[in-house]
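The block underneath contains the structure these notes are about, expressed in C-alpha cells.
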Ligand SMILES: NC(=O)c1ccc[n+]([C@@H]2O[C@H](COP(=O)([O-])OP(=O)(O)OC[C@H]3O[C@@H](n4cnc5c(N)ncnc54)[C@H](O)[C@@H]3O)[C@@H](O)[C@H]2O)c1
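Residue numbers (the UniProt record's numbering): 1 to 333.
Laid out in C-alpha cells, this is it:
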C-alpha cells in the first residue's frame with residue numbers, strides 16, 4: 001500500500017515509518033519539520049516539507065503522492081502550550097486536519113488513521129477509561145483533537161471515508177535508530193533519562209499525596225513500537241468487510257506510578273536519579289489508564305513490549321547513542 005505519513009519526522013511518526021517499511025509499504029512523509037527532525041526519516045523515504053495549514057501545499061503533496069492511505073500524526077502536542085496559544089492548536093490540529101481531509105477527498109484517498117489522545121476524555125469519572133466514556137476535553141489540545149474525530153465521523157457518514165481514531169495515553173521507548181527528541185521535552189521517561197545524562201539538574205515528582213498505593217500519580221504507557229504497530233493493524237482492519245469501531249484506546253490498563261518509573265529508571269540504568277518533590281500540578285488526575293479491550297479484540301493488538309524495562313531500556317540505549325538527540329547542537333531542553 002502507498003501510505004502518506006504526516007508528522008513522519010516526529011517521535012511516533014518516524015517509528016511508524018520504520019514499521020511500515022518492514023511490511024513493505026511504500027511511504028511518503030509530509031512534515032513542516034517544526035518540531036521533528038529530518039534525520040529521523042528512514043533512508044530512501046521521501047520527505048516533503050509542507051505545512052498542514054497551507055491548503056495549496058497539502059494539495060500538492062497529496063496529489064503527487066497519490067496515497068492509498070494516510071497515517072495522520074502531525075500536530076502540536078503540548079497541553080500547557082495549548083492553554084496559552086489555543087489559536088495555534090486549532091489552526092494546526094483542526095484546520096490543518098481539515099485541509100488534509102479535503103485533499104484526501106479530492107484525491108480519492110479512502111483510508112485515514114488519526115493520532116488521537118486520552119485528552120479527549122478530560123477528567124474521566126471511571127478508571128480504566130473505555131471508549132464509551134464521556135468526551136469532555138479540558139484543554140484546547142484535547143478539544144482540537146476531538147474536533148478532528150468529529151469531522152472524521154461525518155466524512156465517514158457522508159463521503160464513505162474509512163477511518164480509525166487511535167487514542168494514545170502515554171508513549172515511551174525507542175527503536176535502535178529512532179527515539180524521543182522533543183524540544184521542549186515534557187514526557188517523564190525522557191526527562192528522567194536526560195537528568196541522568198546531566199542535561200537537567202533534578203527530576204521533579206509532582207505530587208506525593210494522591211490516593212494511589214504509593215501516593216504518586218499513575219499513568220498508562222505503551223512502547224512506541226507497539227503503538228506504531230497498532231496503526232498498521234488499524235489500517236488493515238479498515239479493509240475488513242462489515243462495520244468497524246472507529247475509536248480505539250491504546251494502553252495496558254495497569255499503569256505505572258511516578259515512583260515505579262523512578263525505581264525502574266534507577267534499576268535499568270544502574271544510576272541514582274537526583275529527585276526533588278513538588279506539589280501536584282493543576283489538572284493532573286491521580287490515575288489515568290486505558291481499557292484497551294476493544295483494540296485487543298477487534299484489531300488483534302498485543303502490546304508485548306510495553307513493560308517498564310523494555311520502554312526504559314530502549315530509550316536509555318537511544319539516549320546513550322544520541323545524548324544530544326538527532327542534532328549535534330547543545331540545545332536547551
Ligand atoms: N507522544 C505522546 O505521548 C502522545 C500522546 C498522545 C497523543 N499523541 C499524538 O501523537 C502524534 C505524534 O506525537 P509525537 O510525540 O510524535 O509528536 P512530535 O512533536 O514528535 O511530532 C509531531 C510532528 O508533526 C509535525 N508538525 C507539527 N505541525 C505541523 C504542521 N503545521 N504541518 C506539518 N507538520 C507539522 C512536527 O514537525 C513533528 O514532526 C500527535 O498527533 C500527538 O498529538 C502523542
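Ideal Cβ placement from N, Cα and C applies to all residues, glycine included.
Keep in mind it's a predicted model, so treat the numbers as computed, not measured.
Taking Cβ positions, are residue 173 and residue 142 nearer each other than 8 angstroms? no
Expressed to the nearest angstrom, what Euclidean distance is found between the alpha-carbon atoms of residue 150 and residue 271? 46 angstroms
Close-in-space but distant-in-sequence residues of the same chain around residue 313 (CB under 6 angstroms, 5 per side omitted): 268
Bridge partners - residue 217, DSSP secondary structure assignment: Residue 217 pairs with nothing; no bridge assigned.
With DSSP run on the structure shown, which of helix, strand or coil describes residue 117? strand
Determine the direct distance from the alpha carbon of residue 144 to that of residue 119, and round the result to whole angstroms. 10 angstroms
Which of helix, strand or coil does DSSP assign to residue 170? strand
Pick helix, strand or coil for residue 70, following the three-state DSSP scheme. strand
Between the CA atoms of residue 241 and residue 199 - distance to the nearest angstrom: 51 angstroms
Three-state secondary structure (DSSP) of residue 4: strand
Under 7 angstroms: does the beta carbon of residue 12 sit that close to some heavy atom of ligand 1? yes
Unbroken alpha helix (DSSP H) runs of length 4 or more, entirely within the stretch 294-322: which are they? 308-321
Going along the chain, which residues of its own chain have a beta-carbon closer than 8 angstroms to the beta-carbon of residue 53, five neighbours each way excluded? 91, 92, 95, 96, 99
By a C-beta neighbour count over all protein chains shown, 10 Å radius and 16 as the cutoff for buried, is residue 154 buried or exposed? exposed
For residue 329, count neighbouring C-beta atoms within 10 Å of its own C-beta (all shown protein chains included) and say buried if the count is 16 or more, exposed if not. In this prediction, residue 329 has a pLDDT of 45, which is less than 50 and means its spatial position is unreliable; nothing more can be read from the coordinates.
Which of helix, strand or coil DSSP assigns to residue 333: Residue confidence for residue 333 is low, a pLDDT of 41 falling below 50, so the modelled location carries little weight; the figure read from the coordinates is stated next. Reduced to three states, the DSSP call for residue 333 is coil.
Sheet register partners of residue 223 (DSSP bridge): 172
So is the beta-carbon of residue 186 under 7 angstroms away from any non-hydrogen atom of ligand 1? no
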